[in-house]
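The numbering of the sequence shown is numbering that gives the first Met the number 0, which starts it at 0 and goes up by one. Don't be surprised by glycine CBs; every beta carbon is placed ideally from N, CA and C. It should be emphasised that the depicted structure is a prediction, and the values quoted were computed from it without experimental measurement.
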Amino acid sequence: MSTPARESERRSRRGAPSRGRHGVSEPMANFGRGFQALGNLAVEGVQVSARATDLATGKVLFSVDDHVVMPTAGIGTVLLLVEVAARLPNAEFGALTILDRTPADSVGGSGVWQHLQAPSLPVADLAALVGGVGDNLAANVLLRAVGLAAVQARTEQLGISHTALLDLVRDERGPDHAPQLSVGSAQELTGLFTSLARGEVVDAATSERVIGWLSLGADLSLVASAFGLDPFAHRGGDHGLLLVNKTGTAPGVRSEAGVLRGPRAGVAYAVSMSFADTRLPLRLAVLDGMRAVGLDLLEYVH
Numbered sequence: 000m001s002t003p004a005r006e007s008e009r010r011s012r013r014g015a016p017s018r019g020r021h022g023v024s025e026p027m028a029n030f031g032r033g034f035q036a037l038g039n040l041a042v043e044g045v046q047v048s049a050r051a052t053d054l055a056t057g058k059v060l061f062s063v064d065d066h067v068v069m070p071t072a073g074i075g076t077v078l079l080l081v082e083v084a085a086r087l088p089n090a091e092f093g094a095l096t097i098l099d100r101t102p103a104d105s106v107g108g109s110g111v112w113q114h115l116q117a118p119s120l121p122v123a124d125l126a127a128l129v130g131g132v133g134d135n136l137a138a139n140v141l142l143r144a145v146g147l148a149a150v151q152a153r154t155e156q157l158g159i160s161h162t163a164l165l166d167l168v169r170d171e172r173g174p175d176h177a178p179q180l181s182v183g184s185a186q187e188l189t190g191l192f193t194s195l196a197r198g199e200v201v202d203a204a205t206s207e208r209v210i211g212w213l214s215l216g217a218d219l220s221l222v223a224s225a226f227g228l229d230p231f232a233h234r235g236g237d238h239g240l241l242l243v244n245k246t247g248t249a250p251g252v253r254s255e256a257g258v259l260r261g262p263r264a265g266v267a268y269a270v271s272m273s274f275a276d277t278r279l280p281l282r283l284a285v286l287d288g289m290r291a292v293g294l295d296l297l298e299y300v301h
């Protein structure tokens, strides 16, 4: 029988993510800047998907093709962290359980463990590395320990059908590999982060663990670049702002999902862009567009 995760993988294997029609909800007055930026990028051939909702009421603040399944790169490791967090009460897989890295886990790209001498680390430390710096090696070791099938089964149990972690992290993807590390829809990602913030993913303890790991996130280069926070120290809040986010970056992919709380309100958001990364000006325009959305979010919560 076909499962939602397998359906997501099949869609991804067919090549580019499914194209939307740039369906746009009517923006609130203070989200015009982001809409304009995303519209300009769509004209330039960038595929855009975005959504933001009020954290307290669930009201949709804006949406652009939020149903479209997009490549989301490292954001898929949030689903891995959920599975890891849910298993920690198990005596055989506790926070201090030591896991070894192996040559099969080796991968370049983001992260720091590949540059450290320690050959083994506790489960909780590996999860903190994934949440804090998107550590690819740590993600692969955790994924080997819990199994991709278990992560996908947990995802389906959560009622998530268009967002999935499809593979381990690879330096190169061949014809026998999933073409993307993960895929997701902005609609489901905002729902996932809303549920995490409310303590509703698996249970309150699991949600709290995942939120704790993600609160270490040091990548504030995309949507969160607009928030003025210290990338390395923002867990305690700053000017009334509290941020929990996860980014995903790959060739031609920029994606971010998170929760931002401020003095006036809180929002859950997700923005994903897919583009032909052949010109630096286009990449910079994508980053500017994500920052424009962030400025609108900041204005709403602060």
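Query raised in the report: T154 to V106, Cα distance in whole Å?
Result: Against the sequence shown, residue 154 aligns to sequence position 155. Against the sequence shown, residue 106 aligns to sequence position 107. Whole-angstrom Cα-Cα distance: 25 Å.
Query raised in the report: Ordered along the chain, which non-local residues of its own chain (more than five positions away) have a Cβ less than 7 Å from that of I159?
Result: Here the question's residue 159 lines up with position 160 in the sequence shown. Excluding positions up to five away in sequence, the list reads E187 and L191.
Report task. Report the three-state DSSP secondary structure of Q116 (helix, strand or coil). Result -> Here residue 116 refers to the residue found at position 117 when the sequence shown is read from its first residue. Note: Q116 maps to coil in three-state DSSP.
Report task. Can you have a look at F231 and say buried or exposed, based on whether 16 or more other CB atoms are within 10 angstroms of its CB? Result -> Here the question's residue 231 lines up with position 232 in the sequence shown. Exposed is the call here.
Query raised in the report: How many Å lie between L141 and V77 at the Cα?
Result: Taking the sequence shown and counting its residues from 1, the one referred to as residue 141 is at position 142. Taking the sequence shown and counting its residues from 1, the one referred to as residue 77 is at position 78. Each residue's alpha carbon lies about 12 Å from the other.
Query raised in the report: Between the beta-carbon of E255 and the beta-carbon of V270, is there less than 8 Å?
Result: Numbered from 1 along the sequence shown, position 256 holds the residue referred to as residue 255. Numbered from 1 along the sequence shown, position 271 holds the residue referred to as residue 270. In contact: E255 and V270 (Cβ atoms closer than 8 Å).
Query raised in the report: Helix, strand or coil: which one does DSSP assign to D99?
Result: Numbered from 1 along the sequence shown, position 100 holds the residue referred to as residue 99. D99 falls in the strand class under three-state DSSP.
Requested in this report: Could you spell out the range, first to last residue, of the alpha helix (DSSP H) harbouring A267?
Outcome: In the sequence shown, the residue the question calls residue 267 occupies position 268. Not the alpha helix (DSSP H): A267 falls in the beta strand (DSSP E), residues G265 to S273.
Requested in this report: Figure out for me which residue from G31, R32, F34 and V47 has the closest Cα to the Cα of S273.
Outcome: In the sequence shown, the residue the question calls residue 273 occupies position 274. The residue with the shortest Cα to Cα distance from S273 is V47.
Query raised in the report: Rounded to a whole number of angstroms, what is the C-alpha to C-alpha distance between L259 and G173?
Result: Numbered from 1 along the sequence shown, position 260 holds the residue referred to as residue 259. Numbered from 1 along the sequence shown, position 174 holds the residue referred to as residue 173. Whole-angstrom Cα-Cα distance: 37 Å.
Report task. Determine the burial state of H161: buried for a count of at least 16 other Cβ atoms within 10 Å of its Cβ, exposed for fewer. Result -> Locating residue 161 in the sequence shown gives position 162, where the first residue counts as 1. Buried, since its Cβ has 16 or more Cβ neighbours within 10 Å.
Query - Selected residue, minimal CA-CA separation from P70, among L164, A225 and V285 - result: Locating residue 70 in the sequence shown gives position 71, where the first residue counts as 1. Looking at the Cα atoms, L164 is the closest of the given residues.
Query raised in the report: On the premise that V145 lies in contact with R86, defined as a C-beta separation below 8 Å, what is that separation, rounded to the nearest angstrom?
Result: In the sequence shown, residue 86 corresponds to position 87, counting from 1. In the sequence shown, residue 145 corresponds to position 146, counting from 1. Yes, they are in contact, since the Cβ atoms of R86 and V145 sit about 7 Å apart, within 8 Å.
Query raised in the report: Leaving out five residues before and five after R13 in sequence, what residues of the same chain have Cβ atoms less than 8 Å from its Cβ?
Result: The residue you call residue 13 lines up with position 14 of the sequence shown. For R13, the pLDDT reaches just 38, beneath the cut-off of 50, and the residue's location in the model is therefore unreliable, although a value from the coordinates is still provided. For R13, where only same-chain residues beyond five positions count, there are no Cβ hits under 8 Å.
Query - N139 burial status per 10 Å Cβ neighbour count (16 or more: buried) - result: For the purposes of this step, residue 139 is identified with residue 140 of the sequence shown, where counting begins at 1. N139 is buried by the Cβ-count criterion.
**Report entry** Exposed unless 16 or more other CB atoms sit within 10 angstroms - verdict on I210
**Finding:** Locating residue 210 in the sequence shown gives position 211, counting from the first residue. With 16 or more other Cβ atoms within 10 Å, it is buried.
Requested in this report: Please classify E91: is it buried, with 16 or more other beta-carbons within 10 angstroms of its beta-carbon, or exposed?
Outcome: Taking the first residue of the sequence shown as position 1, residue 91 is located at position 92. Flag for E91 reads exposed.
Report task. Identify, in the order they occur along the chain, each residue of the same chain with its Cβ nearer than 8 Å to the Cβ of P262, setting aside the five sequence neighbours on each side. Result -> As a working mapping, residue 262 is identified with position 263 in the sequence shown. G239, V300 and H301.
Report task. Starting from the C-beta of K58, find all residues in its chain whose C-beta is less than 8 Å away, skip the five residues before and the five after it, and write them out in chain order. Result -> Counted from its first residue, the sequence shown places residue 58 at position 59. Hits under 8 Å: T52.
Query raised in the report: Got a sec, what are the start and stop residues for the beta strand (DSSP E) A256 sits in?
Result: Position 257 of the sequence shown holds residue 256. Start and end: V252 to R260.
Report task. Give a yes or no on whether the C-beta atoms belonging to A137 and G247 are separated by under 8 Å. Result -> Along the sequence shown, one-based indexing puts residue 137 at 138. Along the sequence shown, one-based indexing puts residue 247 at 248. Their beta carbons are not under 8 Å apart, which means A137 does not touch G247 by this criterion.
**Report entry** Alpha-carbon spacing of V285 relative to G38, whole angstroms
**Finding:** Your numbering for residue 285 matches position 286 in the sequence shown. Your numbering for residue 38 matches position 39 in the sequence shown. If I take the Cα positions, the gap works out to 11 Å.
Query - Closest by C-alpha distance to S109, when choosing among L157, E298, A249 and L80 - result: Here residue 109 is taken as the residue at index 110 of the sequence shown, counted from 1. Per the Cα distances, A249.
Query - Cβ neighbours of L133 in the same chain (closer than 6 Å, five flanking residues each side left out) - result: Locating residue 133 in the sequence shown gives position 134, where the first residue counts as 1. Reading off the sequence, residue 133 comes out as Gly, not Leu. Within its own chain, the residues whose Cβ lies closer than 6 Å to the Cβ of G133, once the five positions on either side in sequence are excluded, are G73 and S109, listed in chain order.
Requested in this report: Give the secondary structure of V47 by DSSP, where H, G and I count as helix, E and B as strand, and everything else as coil.
Outcome: For the purposes of this step, residue 47 is identified with residue 48 of the sequence shown, where counting begins at 1. Correct three-state label for V47: strand.
Query raised in the report: Between H176 and L167, what straight-line distance do the alpha-carbon atoms span, to the nearest angstrom?
Result: Start at 1 with the first residue of the sequence shown, and residue 176 comes out as number 177. Start at 1 with the first residue of the sequence shown, and residue 167 comes out as number 168. Cα to Cα, the separation comes out at about 10 Å.
Query raised in the report: Tell me which same chain residues have a C-beta within less than 7 Å of the C-beta of A127, skipping the five on either side of it?
Result: Walking along the sequence shown from the start, residue 127 turns up at place 128. Within the same chain, Cβ atoms closer than 7 Å to the Cβ of A127 are found at W212 and L215, the five residues on either side in sequence being excluded.
Query raised in the report: Quick one: is T277 buried, meaning 16 or more other Cβ sit within 10 Å of its Cβ, or exposed?
Result: Within the sequence shown, the letter at position 278 stands for residue 277. Classification for T277: exposed.
**Report entry** Rounded separation between A196 and A41 - CA only
**Finding:** Translated into positions along the sequence shown, residue 196 becomes position 197. Translated into positions along the sequence shown, residue 41 becomes position 42. Across the structure, A196 and A41 are spaced so that their CA atoms are roughly 31 Å apart.
Requested in this report: Report yes if the CB atom of A225 is closer than 8 Å to the CB atom of G293, and no otherwise.
Outcome: The sequence position of residue 225 within the sequence shown is 226, counting from 1. The sequence position of residue 293 within the sequence shown is 294, counting from 1. The answer is yes: Cβ separation under 8 Å.
Requested in this report: Under 8 Å Cβ to Cβ from A275, same chain only, skipping five residues before and after it: list those, please.
Outcome: Working through the sequence shown from its first residue, we reach residue 275 at position 276. Same-chain partners within the cutoff: G44, G251 and L281.
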